Amino acid sequence: MPAETVFPEEGFHRLMRVTQKVFALIKMVPVHSLIQPSMLPISQELFRLAFEETSLSSSICQRNTTCLGGFARLFEAIEALRREKPDALLLNAGDSFQGTYWYTLLKWNVTQHFMNMLPHDAHAIGNHEFDDGVPGLVPYMKALKAPIVAANLNTTLEPRLKGLYKPYVNSSSPGKVRFEDPKTAAQREAKHLTDQGVNIIILLSHVGLKIDNCNMNELSQGYVFSREIASDFGENIDVIVGGHSHSLLWNGTSPSGEDVSGPYPIVVESRTRPDHKVLVVTASAFTKYLGDISVWFNAAGESDTFKANPLYLNHSIPENEKMKKLLAPYTKDLHSKVSIVIGEAKDDLELKECSMRECALGNLISDGLLQTTKDAKVSNLTHVSFVVRNAIRNNILKGTITRGDVINAVPFSSKVQTFALKGEYLRQTFEYCVTSAWTQTPFNGPSLPQVAGLKVTFNTSREIGDRVVSILTKNGEQYEPLEMDRDYQVTTYSFIATGRDGFGMLKGYLKDLVTLKLDAESLEDIIRKYSPITPRLEGRLVMLY
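Residue numbers for the sequence shown follow UniProt numbering, so the first one is 1 and each next one is one higher.
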């Protein structure tokens, strides 16, 4: 099947028609957003960057799956919409980095090259744009042709970003970066624009969509969501174009079969102006959809009517042949690097179970971390390791395993780091791992740990903070209870060890930190050593409800 390129995770959106040409764009980055107005069409891009074909369940098209999306198809769909609606705005909601080996191996340069071929009106910055730090973000921002909007960035301590973004854009036709509260920034900039006479404002946001089964841990940490901004701070905002949460809004049953988080758009009533409605749109991820909404505003700048639903980018939409040719040299070069065979899988190692229970793919990755540490002969402490579900992004399917399969499974180029940690803080870490959830019953969460050298029992029906029932550590062939005051040699990925993604309980208590190798290297080593790989479940995680 020919390669089709996608930009991974967030998405593309196309915005609306308006009867008056007065708009302004505001953007806030993750804590993440952008604002703009008038009678106009809007297209929204929601994609984290995956350059080849995607599938219904992941950022890549794997064997025996239905493939769709891709950059060439996305480009064709955008061109068709712009021919139909020449005044449309094309807004990028962020997270154009990460997701597949395209970004892992080619970084920002290939991303900006193809992003600049799309007629963007504005870009948002997603959290993954900061994955390679400010040095990895600055050249990308400098290279983009369309304006970057970020209303809640404070770069006082990061002068390299000075002049590369604006809090808002008007139209008449992390390093030391700190993030301001998106609610405050949205409200302030929208009021500022309103006071200047702008009466149609579109917020391009990377805060995610709050839904009924939202991540409770994010709420406890003060995260905000598009719905919250719309209801509590949206008195001067007309449309919110969102990203980050990969939520699909759709009118009816989705053609991809994925869960629908609400109608497209969600209409939110402003609490401070009950007669004012805010339209919220977001369109899944992995270039499976192109958001499309047209809104008609009255003379007072209030939305009267709208016509909206995302476009499903399946094979009924042709790929753009010119774009396929432009992608071909990159595809050929990358495939020569990632097609190297490193092993074989006797059966599928699937991702879908890894957020709910022990999974064979998580066991393999954790075993790799444990083996990497043992090979390094770091200490004589009892060795344990873990990864979280969000660090794993794609299946490894039955059959030949290539280097590309490994990179796509763990695409973030995270460092493997090991350190000494008392049992007390390891227990706290695992408590945190079952705080955050997409659904609580049955538990399905982004930080569920997959472990090696351990057996952990959770009861997620208990109160948050008291869900770890027991932790056993492996000593030879025996398992023994975790001791709170004893040091253990713990191995995981660098974003966890450095306290990111809420793992602050580790940062202050770990000792003797050692960096070993990269995530994909560790996984490749364990596959080479034990191939052919037979998926194994060993009772490492017990989930009680």
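Ideal placement from N, C-alpha and C gives every residue a C-beta, glycine not left out. The structure displayed is predicted, hence computed values, not measured ones.
Item, Value
"If you follow the alpha helix (DSSP H) that residue 363 is in, where does it begin and where does it stop?", "360 to 376"
"Relative to the ligand ZN, is the shortest distance from any of its heavy atoms to the C-beta of residue 242 smaller than 7 Å?", "Among the components of this structure there are no ligands whatsoever, and the ligand ZN is therefore not found."
"Do residue 391 and residue 366 have their C-beta atoms within less than 8 Å of each other?", "no"
"Would you identify the three-state DSSP class for residue 442, choosing helix, strand or coil?", "coil"
"In or out: residue 249 buried (at least 16 other Cβ within 10 Å) or exposed?", "buried"
"Hey, residue 272 and residue 235 are a contact pair by Cβ (cut 8 Å); roughly how many whole angstroms apart?", "5 Å"
"Evaluate residue 333 with the Cβ neighbour count: other Cβ atoms within 10 Å of its Cβ, from every protein chain shown; 16 or more gives buried, anything less gives exposed.", "exposed"
"Output the distance between the C-alpha atoms of residue 68 and residue 140, rounded to the nearest integer angstrom.", "27 Å"
"Which residues in the same chain as residue 265 place their Cβ atom closer than 8 Å to its Cβ, once the five residues preceding and following it in sequence are excluded?", "239, 249, 279, 280, 281, 293, 306 and 308"
"Can you tell me whether residue 334 is helix, strand or coil according to DSSP?", "helix"
"Taking the beta carbon of residue 405 as the centre, do at least 16 other beta carbons fall within 10 Å, making it buried, or is it exposed?", "buried"
"To the nearest angstrom, how far is it from the Cα of residue 232 to the Cα of residue 352?", "35 Å"
"Go ahead and label residue 7 buried or exposed: buried means 16 or more other beta carbons lie within 10 angstroms of its beta carbon, across all protein chains shown.", "For residue 7, the predicted structure reports a pLDDT of 35, less than 50, and the residue's modelled location is therefore unreliable. The matter cannot be settled from this model."
"Under a three-way DSSP split, which group does residue 112 fall into?", "helix"
"Could you spell out the range, first to last residue, of the beta strand (DSSP E) harbouring residue 455?", "454 to 459"
"Provide the residue span of the beta strand (DSSP E) that contains residue 505, from first to last.", "Residue 505 -> not in any beta strand (DSSP E); alpha helix (DSSP H) instead, spanning 504 to 507."
"Would you list, in sequence order, the uninterrupted alpha helix (DSSP H) runs of no fewer than 4 residues that lie entirely inside the segment 479 to 528?", "494 to 497 and 504 to 507"
"For residue 241, write down the residues that DSSP places opposite it in a beta bridge.", "204 and 281"
"Indicate the three-state DSSP secondary structure (helix, strand or coil) for residue 97 in the structure shown.", "coil"
"What's the C-alpha gap between residue 321 and residue 243?", "28 Å"
"Over the uninterrupted beta strand (DSSP E) stretch that includes residue 303, give me the two end residues.", "303 to 308"
"What's the C-alpha gap between residue 455 and residue 74?", "45 Å"
"Helix, strand or coil, according to DSSP, for residue 406 in the structure here?", "helix"
"For residue 412, which of helix, strand or coil comes out of DSSP?", "coil"
"How many angstroms separate the CA atom of residue 300 from the CA atom of residue 197?", "11 Å"
"Taking residue 431 as the reference, give the member of 195, 408, 247 and 447 with the closest Cα.", "447"
"Judging by CA-CA distance, which residue of 336, 433 and 523 is the nearest neighbour of residue 355?", "433"
"In angstroms with no decimal places, state the Cα-to-Cα distance between residue 312 and residue 70.", "12 Å"
"Using the three-state DSSP reduction, which class does residue 269 fall into: helix, strand or coil?", "strand"
"Do residue 489 and residue 420 have their beta-carbon atoms positioned less than 8 Å apart in this structure?", "yes"
"Are residue 450 and residue 363 touching if we call contact CB-CB under 8 Å?", "yes"
"In the DSSP output, which residue or residues are listed as bridge partners for residue 383?", "489"
"Per DSSP, what are the beta-bridge partners of residue 420 in this structure?", "489 and 511"
"Tell me whether the beta-carbon of residue 121 lies closer than 8 Å to the beta-carbon of residue 93.", "no"
"Measure the C-alpha to C-alpha separation of residue 49 and residue 102 and round it to an integer number of angstroms.", "Its pLDDT being 44, under 50, residue 49 is placed unreliably by the model, and nothing is read from it."
"When you compare each of 263, 226, 532 and 195 to residue 343 by their alpha carbons, which one comes out closest?", "532"
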